[in-house]
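Residue numbers (our numbering): 918 to 1360.
Below is one structure, written out as structure tokens; the observations come after it.
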């Protein structure tokens, strides 16, 4: 006889008759889920329950506030995975797995642990994360059905005649996260760009959420809960062009999407954090070396974007990856690089790189080196060759360790810190420029 061991069952409301959901997602694989719920009390019963809970429910985080009743006790039945003890005796036998939102797969059970279940099918071994599994079917009438996580409360209504109880259920769950994705789209003249800022939002849980109010928190919170990993395919969808409303929230920033959305299990969605911004930037070519380098190579292409109101920004920019594009003409656009953008506060500059330039080459040579018992002295020559048809700005960054002084520098330099100096120069079109200096340091 075939029995189904339900791991994650579809939404059930027990004696609940209404629920409205709000989700606040953090960047550390967790979310705060808030649900307004109405329960209809059964005759002569002072017990209410709720079983629409994701598998990532964090123990001890759930609490319920009732407006017209007093809570006496709260109980969590989290015996969902009780069936695993019985599966130990089924290794080597046929089972059937139903994946969330996918077809059933049959095969021979070969292995399972706390997170992965593996079956052999047609000579291949297939492994599935338990978060992807809806239920498992076996052929054994002795195996009991597993229970779904359920919160149950004993309550004392304020009015003995009250038949409807309403309250707010709040809990934390793993299996949710978001990240920032930037797109810098440079115009054909390379004097401005469209700056697109999006949030990629992930529901790694086993539950679908419909008509939810969504908020995102930017900032690093302390947590002692290990993040859960997800293995499996994603569906990705894009919301309308509506963007989030950003507000400061204590030491963090909160983004509120002013529309209700559907967020399905194992799905990610893209939404605009801000409307697109047209920004100005400074393009620079970067040549970085330490004191011992002798080499010749293409220079790094660097873009600096002031995060100020005068540049249509002046907003908190969360950490995230940035994709860089450029128009070849009015209609043709090409991808030219990708970088990681660290968190940028208002008033600071965002600096990113797109790769190395083909037509701008830097060569660094040590033309003299004198080492004594207690000191050393070296003369450095740096040559930048620009074969582009336009003038360029170049940053020469030199790292020198120890107690040093600079002598005989051919161009002005800036001491950035105890180990770094920087030359900022311009190189005309189809020309080269040379910078020389000597450093001396005590050993």
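Yeah, the Cβ is synthetic: ideal placement off N, Cα and C, and Gly gets one too.
Predicted model only: the values in this text are computed from it and were never measured.
Indicate the three-state DSSP secondary structure (helix, strand or coil) for residue 1208 in the structure shown. Taking the chain shown and counting its residues from 1, the one referred to as residue 1208 is at position 291. The answer is coil: DSSP assigns residue 1208 none of H, G, I, E or B.
Skipping 5 residues on each side, what residues in its chain have a beta carbon closer than 6 Å to that of residue 1314? Here residue 1314 corresponds to residue number 397 of the chain shown, with the count starting at 1. Result list for residue 1314: 1205, 1339, in chain order.
Are there three or more Cβ pairs, one per stretch, closer than 8 Å when the region 1293-1313 is compared with the region 1232-1240? Touching, no.
Whole beta strand (DSSP E) elements within the region 1308-1343, 3-residue minimum: Runs found: 1309-1316, 1320-1324, 1330-1334.
Rounding to the nearest angstrom, what Cα-Cα distance links residue 1356 and residue 1287 in this structure? For the purposes of this step, residue 1356 is identified with residue 439 of the chain shown, where counting begins at 1. For the purposes of this step, residue 1287 is identified with residue 370 of the chain shown, where counting begins at 1. Whole-angstrom Cα-Cα distance: 11 Å.
Best match in 938, 1330, 946, 1073 for proximity to residue 1128 [C-alpha to C-alpha]: Position 211 of the chain shown, counting from 1, holds the residue named residue 1128. Nearest of 938, 1330, 946, 1073 to residue 1128, Cα basis: 938.
Nonlocal neighbours in the same chain, by C-beta distance under 7 Å from residue 989, ignoring five residues either side: Numbered from its first residue, the chain shown carries residue 989 at position 72. For residue 989, where only same-chain residues beyond five positions count, the Cβ hits under 7 Å are 1071, 1072, 1073.
For residue 1197, tell me which candidate among 1228, 1171, 1175, 1180 has the shortest Cα-Cα distance. For the purposes of this step, residue 1197 is taken as the residue at position 280 of the chain shown. Nearest option by C-alpha distance: 1228.
Can you tell me whether residue 1224 is helix, strand or coil according to DSSP? As a position in the chain shown, residue 1224 is number 307, starting the count at 1. In the structure shown, residue 1224 sits in coil (DSSP, three-state: anything other than H, G, I, E or B).
Can you give me the Cβ contacts of residue 1351 inside the same chain, cut-off strictly under 6 Å, excluding the 5 residues immediately before and after it? Counting from 1 along the chain shown, the entry for residue 1351 is found at position 434. Around residue 1351: 1300.
If the criterion is Cβ atoms closer than 8 Å, does the pair residue 966 and residue 1089 meet it? Within the chain shown, numbered from 1, the residue matching residue 966 stands at position 49. Within the chain shown, numbered from 1, the residue matching residue 1089 stands at position 172. Result no, Cβ atoms of residue 966 and residue 1089 do not sit closer than 8 Å.
Thinking C-alpha only, which one of 1226, 994, 1250, 1277 is nearest residue 1347? For the purposes of this step, residue 1347 is taken as the residue at position 430 of the chain shown. It is 1277.
Does the distance from the CB of residue 1253 to the CB of residue 1260 come in under 8 Å? The residue you call residue 1253 lines up with position 336 of the chain shown. The residue you call residue 1260 lines up with position 343 of the chain shown. Their beta carbons are not under 8 Å apart, which means residue 1253 does not touch residue 1260 by this criterion.
Roughly how many angstroms separate the alpha carbons of residue 1212 and residue 1298, rounded to a whole number? Residue 1212 sits at position 295 when you count from the first residue of the chain shown. Residue 1298 sits at position 381 when you count from the first residue of the chain shown. Taking the Cα positions, residue 1212 is about 11 Å away from residue 1298.
Reduced DSSP category for residue 1108 - H, G, I as helix; E, B as strand; rest coil: Against the chain shown, residue 1108 aligns to sequence position 191. The answer is coil: DSSP assigns residue 1108 none of H, G, I, E or B.
Whole angstroms is fine: what's the gap from residue 1296's alpha carbon to residue 1172's? Looking up residue 1296 in the chain shown gives position 379. Looking up residue 1172 in the chain shown gives position 255. Distance between the alpha carbons of residue 1296 and residue 1172: 53 Å.
Pair within 8 Å by beta-carbon distance, residue 1246 and residue 1105: Against the chain shown, residue 1246 aligns to sequence position 329. Against the chain shown, residue 1105 aligns to sequence position 188. It is a contact, given that the beta carbons lie within the stated cut-off.
Measure how close the beta-carbons of residue 1123 and residue 1182 come, nearest whole angstrom, since I'm counting them as under 8 Å. The residue labelled residue 1123 in the question sits at position 206 within the chain shown. The residue labelled residue 1182 in the question sits at position 265 within the chain shown. Going by Cβ atoms, the distance from residue 1123 to residue 1182 rounds to 6 Å, so yes, they are a contact pair.
Whole angstroms are fine: how far does the CA of residue 1353 sit from the CA of residue 1330? Taking the chain shown and counting its residues from 1, the one referred to as residue 1330 is at position 413. Taking the chain shown and counting its residues from 1, the one referred to as residue 1353 is at position 436. Distance between the alpha carbons of residue 1330 and residue 1353: 11 Å.
Can you list, in chain order, the residues of its chain whose CB lies under 8 Å from that of residue 1319, leaving out five sequence neighbours each side? What you label residue 1319 is simply residue 402 of the chain shown in a count that begins at 1. Contacts found: 1358, 1359, 1360.
May I have the straight-line CA-CA distance separating residue 1085 from residue 1113, to the nearest angstrom? For the purposes of this step, residue 1085 is taken as the residue at position 168 of the chain shown. For the purposes of this step, residue 1113 is taken as the residue at position 196 of the chain shown. Distance between the alpha carbons of residue 1085 and residue 1113: 36 Å.
C-beta contact flag for residue 1026 and residue 1042 at 8 Å: In the chain shown, the residue the question calls residue 1026 occupies position 109. In the chain shown, the residue the question calls residue 1042 occupies position 125. Not a contact, by the Cβ cut-off of 8 Å.
Nearest by alpha-carbon distance to residue 1324: which of 957, 1214, 1203, 1293 is it? Within the chain shown, numbered from 1, the residue matching residue 1324 stands at position 407. Comparing Cα-Cα distances from residue 1324 to each of 957, 1214, 1203, 1293, the minimum goes to 1293.
Which residues mark the beginning and the end of the beta strand (DSSP E) in which residue 992 is found? Reading the chain shown from its first residue, position 75 is the one you call residue 992. From DSSP, the beta strand (DSSP E) with residue 992 extends over 986-994.
CB of residue 1180 within 8 Å of CB of residue 1087, strictly: If you number the chain shown from 1, residue 1180 lands on position 263. If you number the chain shown from 1, residue 1087 lands on position 170. No, they are not a contact pair.
Suppose contacts are defined by Cβ-Cβ distances below 8 Å. Is residue 1221 in contact with residue 1265 by that definition? Sequence index remark: in the chain shown, residue 1221 carries index 304 (1-based). Sequence index remark: in the chain shown, residue 1265 carries index 348 (1-based). Cβ atoms of residue 1221 and residue 1265: not closer than 8 Å.
Since residue 1208 and residue 1270 should fall inside the 8 Å C-beta cutoff, what is the C-beta to C-beta distance between them, to a whole number of angstroms? Along the chain shown, one-based indexing puts residue 1208 at 291. Along the chain shown, one-based indexing puts residue 1270 at 353. That pair is no contact at about 23 Å.
Which class does residue 1173 belong to by DSSP, given the choice of helix, strand or coil? Residue 1173 sits at position 256 when you count from the first residue of the chain shown. DSSP places residue 1173 in strand when its eight states are reduced to three.
Helix, strand or coil at residue 1195 according to DSSP, with G and I counted as helix: Looking up residue 1195 in the chain shown gives position 278. If DSSP states are grouped into helix, strand and coil, residue 1195 belongs with the strands.
Can you tell me where the beta strand (DSSP E) holding residue 1387 begins and where it ends? The shown model of the chain, from 918 to 1360, leaves out residue 1387, and the question about it has no answer.
C-beta atoms of residue 1133 and residue 1178 nearer than 8 Å: Position 216 of the chain shown, counted from the first residue, corresponds to residue 1133. Position 261 of the chain shown, counted from the first residue, corresponds to residue 1178. No, they are not a contact pair.
With a threshold of 16 other CB atoms inside 10 Å of the CB of residue 1335, please say whether the residue is buried or exposed. For the purposes of this step, residue 1335 is identified with residue 418 of the chain shown, where counting begins at 1. Result: exposed.
Which residues in the same chain have their Cβ closer than 6 Å to the Cβ of residue 982, if we skip the five residues on either side of it in sequence? Walking along the chain shown from the start, residue 982 turns up at place 65. So the qualifying residues of the chain are 1084, 1085.
Beta-carbon proximity of residue 1210 to residue 1281, cut-off 8 Å: Indexing the chain shown from 1 puts residue 1210 at position 293. Indexing the chain shown from 1 puts residue 1281 at position 364. Going by C-beta atoms, residue 1210 is nearer than 8 Å to residue 1281.
Classification of residue 1202 by the beta-carbon crowding that lies within 10 angstroms, buried from 16 upward: As a working note, residue 1202 is residue 285 in the chain shown. Under this definition residue 1202 is a buried residue.
Please state whether the Cβ-Cβ distance between residue 1231 and residue 1263 is less than 8 Å. To locate residue 1231, count along the chain shown from 1; it is residue 314. To locate residue 1263, count along the chain shown from 1; it is residue 346. Contact: yes.
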